[in-house]
Amino acid sequence: MNIFLIGIIIVFVATCGMLLYGLIQLNKKIRWLRVQYHELLERMQKNEHPDVVALETDRPQDIRFNVIYPFASELPQIGARVKAPGLPSLIDCHARVTIKDDAFFGHEVKILTGSHDYTQKGIERQNAIVSKEVTIGKGVWVGSFATILPGVSIGDHAVIGAGSVVTKDVPE
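For what it's worth, our numbering labels the leading residue of the sequence shown as 1, then goes sequentially.
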């Protein structure tokens, strides 16, 4: 057999071996991530998410938020006497969230700061995230199962009804 052909075969086999090794490592990482994801979901359902503790301050409060912040640069800013006593609510911290004093939240309120960029086309839309701050004023009441979308500012003492989807600023 020609030495050149043998060299090509050796390079081909080595390349295939490296690719196979890389695929095996990738498969291990995917399995590990899948386990981590399911463990996190279980903890959140049991309200054992470690980030709930991160919201504690030196002031007595009654807060049960699950905080999801894969890209956050800071935790939510939560004022005094804020109450979220029911089933855990969710804060998605892609951008700053400010909740001022005396705000009250019903069960399972969602505060979202990130969304997909719907102006993108095709597969790019899945990876394009738009982040906008959310501000909730003093004495605001937010009813159970309400969803507050990115970029919204809710004025002081406003009342958001149960099940509402807040898409625009709410005046005082």
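Positions of the beta carbon are idealized from the N, C-alpha and C atoms, including for glycine.
- The beta carbon of T147 is closer than 6 Å to those of K110, V165 in its chain, skipping five residues each way along the sequence.
- In this structure, DSSP gives V35 a helical state, which the three-state scheme calls helix.
- Going by DSSP, E133 is part of no alpha helix (DSSP H) at all; its letter is neither H nor E.
- The alpha-carbon separation between I99 and P76 amounts to approximately 8 Å.
- A distance below 8 Å separates the beta carbons of S131 and A95.
- Around the beta carbon of T113, 16 or more other beta carbons lie within 10 angstroms, which makes this residue buried.
- By the 16-neighbour rule on beta-carbons within 10 angstroms, C93 is buried.
- In its chain, beyond the 5 residues on either side, K100, G137, K138, G139, V140, E172 have a beta carbon closer than 8 Å to the beta carbon of D156.
- For L112, the uninterrupted beta strand (DSSP E) segment begins and ends at 110 to 112.
- Secondary structure of L75 (DSSP, three-state): coil.
- If you compare the alpha carbons of G143, I129, D169, F145 with that of I154, the shortest gap goes to D169.
- Nearest to G106 by C-alpha distance, out of C16, L26, F145, M18, is F145.
- Per DSSP, the continuous alpha helix (DSSP H) segment holding Q126 begins and ends at 124 to 127.
- Looking at the backbone, the Cα of V11 and that of N2 are separated by about 15 Å.
- Counting the other Cβ atoms within 10 Å of the Cβ of V82 gives 16 or more, which makes it buried.
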